[in-house]
Amino acid sequence: MELETERLILRPPTLLDAPRIRELAGEYKVAVTTLNIPHPYTEAAAKAFVEAVQNAWQKLTGCTFAVVSKTDDVLIGMVGLHMREEHKRAELGYWIGVPYWKQGYATEAAQRVLDWGFQTLGLNRIHAQHFAGNPASGRVMQKIGMKYEGTLRQHFIRFDEFRDSVCYGILREEWEAARK
Numbered sequence: 352m353e354l355e356t357e358r359l360i361l362r363p364p365t366l367l368d369a370p371r372i373r374e375l376a377g378e379y380k381v382a383v384t385t386l387n388i389p390h391p392y393t394e395a396a397a398k399a400f401v402e403a404v405q406n407a408w409q410k411l412t413g414c415t416f417a418v419v420s421k422t423d424d425v426l427i428g429m430v431g432l433h434m435r436e437e438h439k440r441a442e443l444g445y446w447i448g449v450p451y452w453k454q455g456y457a458t459e460a461a462q463r464v465l466d467w468g469f470q471t472l473g474l475n476r477i478h479a480q481h482f483a484g485n486p487a488s489g490r491v492m493q494k495i496g497m498k499y500e501g502t503l504r505q506h507f508i509r510f511d512e513f514r515d516s517v518c519y520g521i522l523r524e525e526w527e528a529a530r531k
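Numbering (my numbering), first residue to last: 352 to 531.
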């Protein structure tokens, strides 16, 4: 399974990607913006992540893509959907390596996966959340048509601090209306 955008190829990650995943996601600036990326991030943890992603693909509980630059075939981040098929919904998640920030890659990858989720997977709702201290992630959600749904105050603990979770979502009917 491969998806494409103007500048990116989105493909399932392989174990060969583990060193690059560790390199990019292992930066504290990336880890602190996410709930699940450990810090420090070992290569063993990156391999375990890839294996978990491959397992989720097989079970159809998640579809995580490596975000790869078409220009030089280099992995620059990850994007994916964590699905709840029984409810026809999924949670969108993404991260991009620091050298690639502020270049529109997260928006481009997230938009392609959102479109794929509605077109191919037949989802009715896609939602996402970001830490309040990461407004850039919220801008990605807004750019792809998601609507602000609320803030869960001190909802998570990350690196020994309570973090607010800002929630966004989009329904199939909203996505369809925006495409007309």
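Don't be surprised by glycine CBs; every beta carbon is placed ideally from N, CA and C.
What separation, rounded to the nearest whole angstrom, lies between the Cα atoms of residue i and residue j?
| i | j | result |
| --- | --- | --- |
| S420 | R358 | 6 Å |
| I427 | L386 | 19 Å |
| T458 | Q493 | 9 Å |
| E512 | T384 | 12 Å |
| R435 | N475 | 11 Å |
| Q462 | P486 | 18 Å |
| E353 | I508 | 35 Å |
| E378 | W408 | 26 Å |
| F510 | K531 | 43 Å |
| T536 | A460 | The structure shown does not extend to residue 536, since the chain spans only 352 to 531, so no value can be given for it. |
| I368 | A399 | Per the sequence shown, the amino acid found at residue 368 is Asp instead of Ile. Between D368 and A399, the C-alpha separation is close to 12 Å. |
| I388 | A403 | 13 Å |
| V425 | E442 | 25 Å |
Got a sec, what are the start and stop residues for the alpha helix (DSSP H) residue i sits in?
| i | result |
| --- | --- |
| K531 | Run containing K531: none; DSSP gives neither H nor E here. |
| Y360 | Per the sequence presented here, residue 360 reads as Ile, with Tyr not at that position. Taken as a continuous stretch (DSSP letters only), I360 belongs to no alpha helix (DSSP H), being part of the beta strand (DSSP E) at L359 to R362. |
| V308 | Absent from the model: residue 308. The displayed extent of the chain is 352 to 531, so no value can be given. |
| L443 | Note, L443: premise wrong, no alpha helix (DSSP H); beta strand (DSSP E) at R440 to I447. |
| I372 | A369 to A376 |
| K380 | Y379 to A382 |
Considering only DSSP beta bridges, list what residue i is partnered with.
| i | result |
| --- | --- |
| A395 | Per DSSP, none; premise fails for A395. |
| S516 | F482 and L503 |
| L522 | R476 |
| L354 | L361 |
Below 8 Å on the Cβ atoms is my contact criterion, and I expect residue i with residue j to pass it. Report the Cβ-Cβ distance as a whole number of Å.
| i | j | result |
| --- | --- | --- |
| A417 | R362 | 6 Å |
| G431 | V464 | 7 Å |
| V449 | K380 | 5 Å |
| V401 | L366 | 5 Å |
Give me, in chain order, the residues of the same chain whose beta-carbon lies closer than 7 Å to that of residue i; leave out the 5 immediate sequence neighbours on both sides.
| i | result |
| --- | --- |
| V517 | Q480, H481, A483, G489 and T502 |
| E437 | none |
| W467 | L354 |
Counting along the chain, where does the beta strand (DSSP E) carrying residue i start and finish?
| i | result |
| --- | --- |
| F469 | Taken as a continuous stretch (DSSP letters only), F469 belongs to no beta strand (DSSP E), being part of the alpha helix (DSSP H) at Y456 to Q470. |
| K498 | K498 to R509 |
| V419 | G413 to S420 |
Which same chain residues, not among the five before or five after residue i, have their C-beta less than 8 Å away from its C-beta?
| i | result |
| --- | --- |
| R504 | D515 |
Is residue i near the ligand GTP, judged by its Cβ being under 7 Å from some heavy atom?
| i | result |
| --- | --- |
| L354 | In the structure on display, the ligand GTP does not appear, and there are no ligands present to speak of. |
For chain D, is any of its Cβ atoms less than 8 Å away from the one on residue i?
| i | result |
| --- | --- |
| D511 | Going by chain labels, chain D is absent from the structure shown, which holds only one protein chain. |
By Cβ distance, which residues of its chain are closer than 6 Å to residue i, with the 5 residues on each side in sequence left out?
| i | result |
| --- | --- |
| Y392 | R373, A376 and G377 |
| A529 | G496 |
| R371 | L426 |
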